[in-house]
Each structure stands twice: as structure tokens, then as C-alpha cells.
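To get the working numbering, take the position in the sequence shown, counting from 1, and add 1345.
Heads up: the structure comes next, in C-alpha cells.
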Amino acid sequence: MLDVLVLISGSGSNLRALVEACADPEYPARIVAVGSDTEAPGFAHAAERGIPTFIVEPRAFDSRDAWGDELRAQIDAWTPDLVVCAGFMRILPAGVVRAFTPNIINLHPALLPLFPGAHAVRDALAAGVTQTGSTVHIVDEGVDTGPVIRQVTIAVEPGDDEATLHEKIKHIERPLLVDTVGAIARADINLKELVAS
Ligand code: GAR
């Protein structure tokens, strides 16, 4: 059984998909805790299943590194096998990344290396691409630069705006995340090898 800790900042619909997958006894992972940088609405999905939550707010610390040290300690306390950033909207300090890489993955709403950063859906629309999608990648010390694990593609349709396109992306990235975490748990994906290649 793979022990997973999920980091979120927002509505947590991807967290919810993972919570639901973990309710299936055949699914080879379980969520040990959910952390956030804020009072995230998505905590409700954890609370429904009695999954513990914690908040480490940057504004409570004098520096980014001090915030990162506390975040790392809170994550470490759960000794997860895998950390999943599912809509966690902060760049992790290097100390956090080094502590967990390659066992720390991120879900990003674009086909990386295209459109890294916090406004991926808006940036893809502005660029006029006809296809976009979602990427699960290993977190490294850059911004959305770590090795790609899996991607799914969807068409950008005429009339799509940022909200409709993001909703369509979320629709495909939920199963992407569930399948990827399942594959890591079954050792069908080897994160160490991905980093080395
Ligand atoms: C997802 O689309 C995820 O790819 C994106 O935030 C959304 C979270 O949705 N992540 C990023 O933009 C990271 N840079 P959710 O809260 O409904 O799961």
C-alpha cells in the first residue's frame, strides 16, 4: 500500500477523485493526510473520509525557507511514500523539493513544457493553440520543469474561455492523476528511473 500525502490550495476536485479511488479496496494507495497553504475548500473532501488535514500558511513565517522548513516537517510527520501536489498553488522551496524528490509529483493543466506557471490555461488560450491538456510530472527545483510522467491531450474548441477550458481539463486530469498514482503504487512507473533517464 502506497502512503500518499496530498497538497492542495483550492477546490480539491482532483483530491476528491483520489479520495474516491482510495475507497476501493483494490486500489493500491491510501491518503494519509492533506496539507495546504490556506484554509482550502477542498479540505471538505478529506474531512468526509476522516483524513487528517494541516495548514502551513506562508504569512505566519519570516521567510520562504522558514515556511518550507515547517511544511517539510508537517509532511515528514506522516512519512508518506509519495507527495502529490494537486492544485497546490505555491512554488515549493528547494529544501522541500530536495527532501522528497523524486517521490513528489505535480499535476499541471497544460502540456508541459508548454505553459508552465500559475496561468497555464489562460496562457494556452492566449497562444491560440488547438490542443492542450494536463501533465503529471516529478517536482524538481524549477517551476514545472521536472520529468514528465504522463500527459493527456484535449482539443481547444472555438468558444472556449479560461473557465470552460479549465473545467474540461479537470475532467481529464482526474483519471490521469488516479491512474498515475495507481501505476506508481504498483511499480509500473519507477520515479527514480525517470529522473535518471
Ligand atoms: C488543476 O487543474 C491542476 O492541474 C491545477 O490546479 C487545478 C486544481 O483543481 N494546478 C496548477 O495550476 C498548478 N500550477 P482542483 O483544486 O479542482 O483539484
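Heads up, the beta-carbon is just placed ideally off N, CA and C, and yes, glycines get one too.
Because the structure is a prediction, the values reported are computed rather than measured.
Return helix, strand or coil for residue i, following the three-state DSSP convention.
i, result
"N1535", "coil"
"L1416", "helix"
"D1468", "helix"
"V1429", "strand"
"S1358", "helix"
"L1352", "strand"
"L1347", "strand"
Does the beta-carbon of residue i have 16 or more other beta-carbons within 10 angstroms, so that it is buried, or is it exposed?
i, result
"N1359", "buried"
"E1518", "buried"
"S1381", "buried"
"D1485", "buried"
"K1544", "The question about residue 1544 has no answer here: the residues shown for the chain are numbered 1346 through 1542."
"P1386", "exposed"
"S1286", "Since the displayed the chain opens at 1346 and closes at 1542, residue 1286 lies outside it and no answer follows."
"A1418", "exposed"
How far does the beta strand (DSSP E) with residue i in it reach, from first residue to last?
i, result
"I1436", "Looking at the DSSP string, I1436 is not in any beta strand (DSSP E), and its letter there is neither H nor E."
"L1452", "1449-1453"
"A1500", "1493-1500"
"A1374", "1374-1381"
"T1475", "From DSSP, T1475 is part of no beta strand (DSSP E); its letter is neither H nor E."
On a CA-only basis, which of the options is nearest residue i? Give me that one, please.
i, options, result
"W1423", "L1521, V1377, Q1496, T1509", "V1377"
"V1523", "E1384, A1472, L1363, I1499", "L1363"
"A1474", "G1487, L1459, T1480, A1463", "With the sequence shown as reference, residue 1474 is identified as Val, and Ala is not the correct amino acid for it. Among G1487, L1459, T1480, A1463, the Cα nearest to that of V1474 belongs to L1459."
"P1492", "E1393, L1452, L1350", "L1452"
"D1410", "V1441, T1398, E1393", "V1441"
"H1511", "V1466, L1470, T1480", "V1466"
"C1367", "I1396, T1477, P1503, A1389", "I1396"
"M1346", "V1488, L1352, A1374", "A1374"
Could you check where the alpha helix (DSSP H) with residue i kicks off and where it finishes?
i, result
"I1529", "1507-1530"
"F1399", "Where F1399 is concerned, there is no enclosing alpha helix (DSSP H), although the beta strand (DSSP E) it sits in stretches over 1398-1400."
"F1388", "1388-1393"
Could you check whether the region 1499-1510 touches the region 1527-1534, counting it as contact only if at least three pairs of C-beta atoms, one from each stretch, sit closer than 8 Å? no
Contact between the region 1350-1358 and the region 1423-1441 (3+ Cβ pairs under 8 Å): yes
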